[in-house]
Amino acid sequence: EPITRIEPLLIELATPGGYVHAGPPGAGHFTKLVHNGIEFGMLQAIGEGVDLLENYRDKLDIAEVLRCWRHGSVIRSWLIDLMEAAYRSQGGLGNIPAYVEDTGEVNWLVNDALHMEVPVPVISQAVMQLFTSRDDRKNWARAIAMMRHGFGGHPYGADQSIVRERREGRVGNFLRE
């Protein structure tokens, strides 16, 4: 097998413990796709967490929260390290475009999962969220608004009285004091 000739070089080039011969031809590529899918899910979860922190009723020191999470927290990780460093260096999220680029490789993984009939809801949703980040026109949202207006007379666009009710008027709503 050709891999036996080059494997010593691959082991030498890899990070210690960072090499595996995963199986027959194609197995390594597939395991890398799975790795990338897991990465997308983790990025999505961290992004959603930061969004929640940003939208909390009181101003939080998010950079310090991220710093704390890096030390002893169950979610400590290199991704949290990167998030804290970027959050500090950029002064928050405000100057970063919301458009998220990717190579499309995780789409292949989602397609493989469909063919294998293996549910991957977190990975699939993370891919969909990337697409949502790129939609300047948001025609899907316009279509939903049109249908909601048609069946319930719901307003087009934001209605401040509804926004206020949604945020403040529900029993047990966290914005109530």
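So for the sequence shown, the working numbering puts the first residue at 230; every next one is plus one.
Built from N, CA and C at the ideal position, the CB exists for glycine as well.
For residue i, is the classification buried or exposed, using 16 other Cβ atoms within 10 angstroms of its Cβ as the cut-off for buried?
i, result
"Trp307", "exposed"
"Ala370", "exposed"
"Glu406", "With a pLDDT of 48 at Glu406, under the threshold of 50, the modelled position of this residue cannot be trusted; read the value that follows with caution. Under this definition Glu406 is an exposed residue."
"Gly270", "buried"
"Leu359", "buried"
"Ile391", "exposed"
Kindly give me the distance between the Cβ atoms of residue i and residue j, rounded to whole angstroms, as I take these residues to be in contact under 8 Å.
i, j, result
"Ser362", "Tyr328", "5 Å"
"Trp298", "Ile304", "6 Å"
"Ala342", "Val351", "The pair is not a contact, with the Cβ atoms about 11 Å apart (cut-off 8 Å)."
"Met312", "Leu295", "6 Å"
"Asn284", "Leu338", "Incorrect: roughly 31 Å between the Cβ atoms, too far for contact."
"Ile275", "Ile309", "7 Å"
"Ile240", "Tyr248", "5 Å"
By alpha-carbon positions, which one of the options ends up nearest to residue i?
i, options, result
"Ser353", "Gln273, Phe259, Pro245", "Gln273"
"Asn336", "Ala355, Gly301, Gly382, Gly276", "Ala355"
"Ala251", "Lys261, Ala243, Leu242, Thr244", "Lys261"
"Ala314", "Gly333, Thr332, Glu293, Gly323", "Glu293"
"Gly321", "Pro231, Asp280, Gly246", "Asp280"
"Met375", "Gly323, Gly386, Gln319", "Gly386"
"Val263", "Thr244, Asp287, Asn340, Glu397", "Asn340"
"Glu330", "Leu238, Met357, Arg393, His344", "Met357"
Between which two residues does the alpha helix (DSSP H) carrying residue i extend?
i, result
"Thr260", "256-283"
"Ala387", "Segment: none, Ala387 is in no alpha helix (DSSP H) and carries neither H nor E."
"Pro350", "350-362"
"Ser302", "Taken as a continuous stretch (DSSP letters only), Ser302 belongs to no alpha helix (DSSP H), as it is neither H nor E."
"Thr332", "Here Thr332 belongs to no alpha helix (DSSP H), and DSSP marks it neither H nor E."
"Ala214", "Since the first and last residues shown for the chain are 230 and 406, residue 214 lies out of range."
"Leu238", "232-242"
So does residue i have its beta carbon nearer than 8 Å to some heavy atom of the ligand NAP?
i, result
"Leu338", "Judged by which ligands are present, the structure shown has none, so any question about the ligand NAP falls away."
Using 9 Å as the limit for Cβ to Cβ distance, is residue i near chain D?
i, result
"Leu238", "Of the protein chains in this structure there is only one, and it is not chain D."
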